[in-house]
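If you use the numbering used here, the sequence shown closes out at 663, no skipped numbers anywhere. Presented below is the structure to which this report refers.
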Amino acid sequence: MDINSQNPNYVGFLWNIAESLRGTYKAEDYGKVMLPLIVLRRFDCLLDEYDREIIKKIYKETDYVSGLERDIMVIAELEEVHKMKNISFFNISDYDFKSLLDDSENIAENLKNYINGFSENVKNIMKNFKFSSQIDHLNKKNKLYSIIQKFAEVDFHIDKIPNERMGQIYEELIRRFYENTDAGEHYTPREVVELCMEMLFYTKEEFIKENGKYIDIADFCAGTGGMLSEARRYIESKNKNAEIQLYGQELMDESFAICQADMIMKGENPENIRLGNTLSEDRFKGEKFRFLISNPPYGVTWKDEEHIIKMESELGFDGRFGAGTPRTTDGSLLFLQNMISKMKDDNDGSRIAIILNGSPLFTGDAGSGESNIRKWIIESDLLEGIIALPTDMFYNTGISTYIWVLTNKKISKRKGKIQLIDATKFYDPMKKSLGSKRKELSTSHIKDIKDIYSKFEESDVSKIFDNKDFGFVKVTIERPLRLKFQITDEVIENIKKASFYKKLNKDQQEQLNSVVNLFDKIKVYMSRNEFLEDLNSKIKLKNINFIKTSQIKNLISIIGVQDNEAEICRDSKGNIEADSSLRDYEFIPLKENIKEYFKREVCSHIEDAWIDEGTLDKVGYEIPFTKYFYKHEELRSFTDIISEIEELEKIITSEIYNIFN
């Protein structure tokens, strides 16, 4: 195949090289070799146009500094003195891909020297790829020379493949390598990303079409950069003259390397992609962005980062987590808060599209970290809408997922409102599953969902709510303590088994027994006060001094039995005591009058109940998504079921008869 013909199939050519690794690598590991080599060959081809001797000379002249500072000086000198424009990396080794083939015996060592001859930015990418170990493995399996030879055949020079096309080739191979493996957790299906883009740029169509518009987009769980690439593609389809800057942060070394390399392939600034834990390392501190997208890992624990995150949370809104922290087993709402903290607060504002699982919708009781975060988001009028996606949409999980859409500049008709869309039935079944992915969105599905969102109307799949509809007050409902008392043989045995009784010495136990045995075992006390008076008189009669208030409380807890016919118990001030065993909770919608709700929903059933006034400020927020779209289905009648069973029995009997006759 002539790879440099007019319409070369670069992806096919590179995939054939990958297939030559079969036997040496599993298919899911092809990317460990192919992706770093594509990056290296691209750099190798680009450096063909530069005078390497000049680069070496300038590098030698700057040996009084080291590291990244030295690289910056070399690049600046090349651009100024020798007019080498648009150079962001260089190589000072004596090798290139073709010269590596001249020494087959030492190709592994020479390739490593070639990589070490690059400027720090490229060396860091290759380090994060962990490519050195792959070189050794390929060499051991006698595959290294043939792979380098195949790569040397393809010309990746910018004159042959512009940055945009190179990025597309690289991105397509990333998709092929990772979509059907465990590494697919770093990859979001293209059609889901496309739907996110429609939501991200909703109401901003004219904004991004302005000539020469500067647009910045950030993804702080960037993975291999797929969502950022799709964002650029979307904007360029609307405005080819827009100045687009992509920013990202990624935790995993290899994913970071792939993403940063992808940015270089497309002519982006690789320094805008930064390595680190988004939750504990804010690599974009103080920076704000117009558009923010993300598909953070679901249910990721942040126990190891708890101390750092809690310290930042204590800063309030001077930090990123001012609304609170969720439980340490799920950091989803921390990722969301981080994104919100990066929104621009100007006339145009910012928009967010983030993919989350179901947990952030409802996990956590009123007053919990999760509920407080939802409360802050909704009461700040940041949440614009949520779209429920079909299950089985992702490569590594079949669970329910949702796109949350947020903005700090809602259009007028959406102010104070939240739209929920049930898109769980918008899918086509895939002919062949890819991991857990069995369903996909078509272009028409995406268009339909966008139209439903844009129309902002109620329907079977679209519900519109006021912000307050998701809020509630969790009040504690108390009922009076009513106890009856009777000293039976069973009660006496229970007293002797009690821990407080066993701590008494033998003499004290006998004295207590003598008091208890004075009671008439038939008599029932329907008043605690009456029982206490009788108990105290018997203690006095026996002249016992060791029985104090604590022992009396222990006796009350063992002997007293709840009885609705008994007299209400009161404390020393005459206040009604509550029965903790009858304690209940009511979740009263914020729009409801608490007293009226209590009278209607509680007092009509339980006359002696009351509200604990201390719980009236316990406000919570949750979004019970499925509840709003639940459709009751009539159960089949018993007669129909019996009739069907009888028909099946006849068929089975007939089949059995045919077998034996």
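Where is the CB? At the ideal position from N, CA and C, for every residue including glycine. Quick caveat: nothing in here was measured; it's all calculated off a predicted structure.
Exercise. Taking all protein chains shown into account, decide if residue 632 is buried (16 or more other Cβ within 10 angstroms of its Cβ) or exposed.
Key: Under this definition residue 632 is an exposed residue.
Quiz prompt | Bridge partners - residue 480, DSSP secondary structure assignment | solution = According to DSSP, residue 480 bridges with 612.
Quiz item: Which partner residues does residue 221 have in the DSSP bridge list?
Solution: 250
Exercise. Pick helix, strand or coil for residue 69, following the three-state DSSP scheme.
Key: helix
Quiz item: In three-state terms, what does DSSP make of residue 285?
Solution: coil
Quiz prompt | Simplified DSSP state of residue 591, which is helix, strand or coil | solution = strand
Exercise. In angstroms with no decimal places, state the Cα-to-Cα distance between residue 87 and residue 81.
Key: 5 angstroms
Self-check item: Pick from 44, 301 and 121 that is closest to residue 99, judged by C-alpha positions
Solution: Out of 44, 301 and 121, 44 has the C-alpha closest to the C-alpha of residue 99.
Self-check item: Simplified DSSP assignment, three categories, for residue 190
Solution: coil
Practice problem: Identify whether residue 341 lies in helix, strand or coil by the three-state DSSP scheme. | Solution: helix
Exercise. Spatial neighbours of residue 523 within its chain, please: CB distance less than 8 angstroms, with the 5 preceding and 5 following residues excluded, ordered by chain position.
Key: 488, 489, 490 and 491
Quiz item: Since residue 543 is in the alpha helix (DSSP H), which residue starts that stretch and which ends it?
Solution: 530 to 543
Self-check item: Backbone CA spacing between residue 49 and residue 131 [nearest angstrom]
Solution: Spanning the two alpha carbons is a distance of roughly 21 angstroms.
Quiz prompt | Neighbourhood of residue 1 by C-beta distance below 6 angstroms, restricted to the same chain and skipping five residues each side | solution = Lying before the first or after the last residue shown, residue 1 is absent from the chain, which here runs from 3 to 663.
Quiz item: Does the separation of the CB atoms of residue 248 and residue 270 fall below 7 angstroms?
Solution: yes
Quiz item: Can you tell me the Cα-Cα spacing of residue 37 and residue 56, whole angstroms?
Solution: 29 angstroms
Practice problem: Would you identify the three-state DSSP class for residue 386, choosing helix, strand or coil? | Solution: strand
Quiz prompt | Alpha-carbon to alpha-carbon, residue 417 and residue 442 | solution = Cα-Cα distance, rounded: 32 angstroms.
Quiz item: From what residue to what residue does the beta strand (DSSP E) around residue 622 run?
Solution: 621 to 623
Practice problem: Just the C-alpha distance for residue 61 and residue 84, rounded to the nearest angstrom, thanks. | Solution: C-alpha separation (whole angstroms): 13 angstroms.
Quiz item: Between the Cα of residue 379 and the Cα atoms of 397, 419 and 360, which residue gives the shortest distance?
Solution: Distance check between residue 379 and each of 397, 419 and 360 places 419 closest, using alpha-carbon atoms only.
Practice problem: Give a single yes or no on whether residue 620 has its beta carbon closer than 6 angstroms to a heavy atom of the ligand ATP. | Solution: Absence of the ligand ATP from the depicted structure is noted, as is the absence of any ligand whatsoever, leaving it without description.
Exercise. Check residue 291 in the structure and name its three-state DSSP category.
Key: The answer is strand: DSSP assigns residue 291 an E or B state.
Self-check item: Spatial distance of residue 35 from residue 219 (CA atoms)
Solution: Looking at the two C-alpha atoms, the distance is approximately 30 angstroms.
Exercise. Determine the direct distance from the alpha carbon of residue 229 to that of residue 190, and round the result to whole angstroms.
Key: Straight-line spacing of the CA atoms in residue 190 and residue 229 works out to 8 angstroms.
Exercise. Please check the pair residue 13 and residue 155, which I expect to be a contact at CB under 8 angstroms, by giving their CB distance rounded to whole angstroms.
Key: Actually they are not in contact, since the Cβ atoms of residue 13 and residue 155 sit about 15 angstroms apart, beyond 8 angstroms.
Exercise. Give the single residue among 69, 245 and 33 whose Cα lies nearest to the Cα of residue 214.
Key: 245
Self-check item: Residue from 192, 340 and 103 whose Cα sits closest to the Cα of residue 236
Solution: 192
Quiz item: Counting along the chain, where does the alpha helix (DSSP H) carrying residue 170 start and finish?
Solution: 165 to 180
Exercise. State the Cα-Cα distance for the pair residue 354 and residue 579, rounded to the nearest angstrom.
Key: Whole-angstrom Cα-Cα distance: 50 angstroms.
Exercise. Check the DSSP bridge columns for residue 437 and list the partner residues they point to.
Key: Per DSSP, none; premise fails for residue 437.
Quiz prompt | Minimum C-alpha distance to residue 316 - residue among 327, 307 and 538 | solution = 327
Self-check item: Per-residue burial, residue 217 [other beta carbons within 10 Å of its own, 16 or more giving buried]
Solution: buried
Exercise. Mark residue 559 as exposed unless 16 or more other C-beta atoms lie within 10 angstroms of its C-beta, in which case mark it buried.
Key: exposed
Quiz item: Any chance the segment 335 to 345 sits against the segment 372 to 391, with 3 or more Cβ pairs inside 8 angstroms?
Solution: Under the 8 angstroms Cβ criterion, the segment 335 to 345 counts as touching the segment 372 to 391, having at least three qualifying pairs.
Quiz item: Measuring CA to CA, which of 581, 545 and 335 is closest to residue 562?
Solution: 581
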